[in-house]
Amino acid sequence: MRVGVLTGGGDCPGLNAAIRGIVRKGVEVHGFEFVGVRDGWRGALEGAVVPLDVPAVRGILPRGGTILGSSRTNPLASDDGVGRVRETFAEYGLDALIAIGGEDTLGVAAALVGEGIQVVGVPKTIDNDVAGTDYTFGFDTAVNIATEAIDRLHTTAESHTRTLVVEVMGRHAGWIALHSGIAGGANVILIPEQPFDVDQVCAWVENRFKIRYAPIVVVAEGAVPKQGQMVVKDTSLDEFGHVRLSGIGEWLAHEIADRTGKEARTTVLGHIQRGGTPSAFDRWLATHFGLRAIDTVKDRDFGTMVALRGTDIVRIPLAEATAATKTVDPALYSEFGVFFG
Ligand code: F6P
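Using my numbering, read the sequence shown as starting at 2 and increasing by one per residue.
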């Protein structure tokens, strides 16, 4: 078989480990050939491919980013998109495609399967918001980076007796905020799933000062105040209809400073959470997903996605994985409320 591999959407640590797992097992066990599709769905639309063989994947396991490049191109945004993907399949003699991505990339994969194109999905994203899998790779690394940042911010916040607001990624889901906030001992954690009350946040902040500690507030970029709306960087939309987020941290620090009369500053972690070398867990998970994804192609089980359930890797329908975003359960969030304030 001749198999295309692409990585789409925001990059994350572990993508190269997944590509390596796919190619090593595909070549050495199944005798397959590969092409690398450049920059996610852009390469599939434009016929932009690169050679992808065992020498090409040597040494990439610990490297962040993706050797194939990525983009937020949406082939379904143009009328002839599906036809152009078919042409790329024909031009390079592809029998199947492995799409490694988050909800947008996998949503396109599910739609293409409906058009008779043979695709298998692999879930990745630092946001951990793909349904049907306990974890996506990239998440563990991002949580470790955010936790280390929170640890560092504690000491400087204490020295200056000020509030430090840490803005982390998470458009619709607060997984990074919740996990890093709990691991880092934050005093307030705000997630997109639960609109927050600014007065309550200030009460928690004041409480922290009363016991002579400096408050650390972790806020997901997609979090919204109860009486307000999402803060965006600019209102232009990408091809999947998303605005660029970031700004809630700055806004909240101003509100806290105004209402409490005490200094508050913001740190926006941004793309630092997505860059650099993957954690051991993400390397392991990405590699395991890669091995199982190529087995899935071998079995011609198209229209499915590999997923982690407990310690097992299973296959689930792409349609099921892309039907909804996996968000933080309110009961789980409130369980950690004992640490707020
Ligand atoms: O999709 C993952 C993600 O990291 C989101 O948390 C964030 O909102 C977005 O990507 C940022 O994307 P970009 O780098 O394209 O601005």
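Even glycine gets a Cβ: it sits at the ideal position worked out from N, Cα and C.
Taking the alpha-carbon positions, what's the G84 to A49 distance? Each residue's alpha carbon lies about 15 Å from the other.
Rounded C-alpha distance that separates S181 from M170: If you take the alpha carbons of S181 and M170, they lie about 11 Å apart.
Would you kindly check if the distance between the Cβ of T261 and the Cβ of C203 is under 9 Å? Yes; because the gap between Cβ atoms is below 9 Å, this pair is in contact.
Candidates D96, T164, G41 and T236: which alpha carbon is nearest D300's? Looking at the Cα atoms, D96 is the closest of the given residues.
Rounded straight-line distance, which links the Cα of E240 to that of A78: Going from the Cα of A78 to the Cα of E240 covers about 7 Å.
Cβ-Cβ distance between V167 and A187 below 9 Å: Cβ atoms of V167 and A187: closer than 9 Å.
Nearest candidate by alpha-carbon position, reference T326, set V307, P76 and P124: Closest by alpha carbon: P124.
Leaving out five residues on either side along the sequence, give the residues of the same chain with a beta carbon under 7 Å from the beta carbon of G108. Cβ neighbours of G108 beyond the five flanking positions: T323.
Go to D296, then tell me how far its alpha helix (DSSP H) extends in each direction, as first and last residue. In the DSSP assignment, D296 falls within the alpha helix (DSSP H) that extends over A281 to K299.
Alpha carbons only, please: which of T126, V329 and A308 is nearest the one belonging to G11? Nearest option by C-alpha distance: T126.
Between the Cα of V6 and the Cα atoms of P14, W176 and V58, which residue gives the shortest distance? A check of alpha carbon separations from V6 across P14, W176 and V58 identifies V58 as the nearest.
Going by the CB atoms, is the gap between I295 and F90 shorter than 9 Å? The answer is no: Cβ separation not under 9 Å.
Environment of L238 [buried if 16+ CB atoms lie within 10 Å]: Burial check for L238: the Cβ neighbour count within 10 Å stays below 16, so the residue is exposed.
Taking 6 Å as the limit between beta carbons, can you name the residues of its chain near F337, skipping five residues before and five after? Excluding sequence positions up to five before and after F337, its CB lies within less than 6 Å of the CB of I183, all in the same chain and listed in chain order.
Meets three-Cβ-pair contact criterion under 8 Å: the region 156-166 and the region 212-226: Touching, per the Cβ criterion.
On the CB-based measure, 16 or more other CB atoms within 10 Å of its CB, does I190 come out buried or exposed? In this structure I190 is buried. Its beta-carbon is surrounded by 16 or more other beta-carbon atoms within 10 angstroms.
Do S280 and D141 have their C-beta atoms closer together than 9 Å? In contact: S280 and D141 (Cβ atoms closer than 9 Å).
Look at the Cβ atom of T8, then the Cβ atom of T74, and state whether they are nearer than 9 Å. No, they are not a contact pair.
Is any heavy atom in the ligand F6P found nearer than 8 Å to the beta carbon of L246? Answer for L246: yes, Cβ within range of the ligand F6P.
I23 burial status per 10 Å Cβ neighbour count (16 or more: buried): Buried is the label assigned to I23, since at least 16 other Cβ atoms lie within 10 Å of its Cβ.
Does the separation of the CB atoms of V307 and L253 fall below 9 Å? One thing to note: V307 has its Cβ no nearer than 9 Å to the Cβ of L253.
Quick one: what's got a C-beta closer than 6 Å to V87's C-beta in the same chain, skipping five residues either side? What sits at residue 87 in the sequence shown is Arg, not Val. The beta carbon of R87 sits closer than 6 Å to no other beta carbon from its chain once the five residues preceding and following it are set aside.
Taking only the alpha-carbon atoms, compute the straight-line gap between L113 and D198 and give it to the nearest angstrom. Straight-line Cα distance between these residues: approximately 42 Å.
Given the structure, does D40 come close to the ligand F6P, in the sense that its CB is under 8 Å from one of the ligand's heavy atoms? Not so, every heavy atom of the ligand F6P lies at least 8 Å from the Cβ.
Using a Cβ-based criterion (distance less than 8 Å to any ligand heavy atom), does E222 qualify as near the ligand F6P? Yes, Cβ of E222 sits closer than 8 Å to a heavy atom of the ligand F6P.
Which two residues bound the contiguous beta strand (DSSP E) that contains T268? Note, T268: beta strand (DSSP E), A265 to V269.
Quick check on DSSP: helix, strand or coil for F35? Secondary structure of F35 (DSSP, three-state): strand.
For G250, which option in F282, V298, E207 and P193 has the closest C-alpha, if you only look at C-alpha atoms? Nearest option by C-alpha distance: P193.
Burial state of E104, where buried means 16 or more other Cβ atoms lie within 10 Å: The residue in question, E104, is buried, as its Cβ has 16 or more Cβ neighbours within 10 Å.
Run through DSSP, which three-state label would A308 get? Secondary structure at A308: strand, using DSSP grouped into helix, strand and coil.
Only counting the same chain, and skipping five residues up and downstream in sequence, which positions put a Cβ closer than 6 Å to that of R209? Cβ within range, chain order: N188 and P216.
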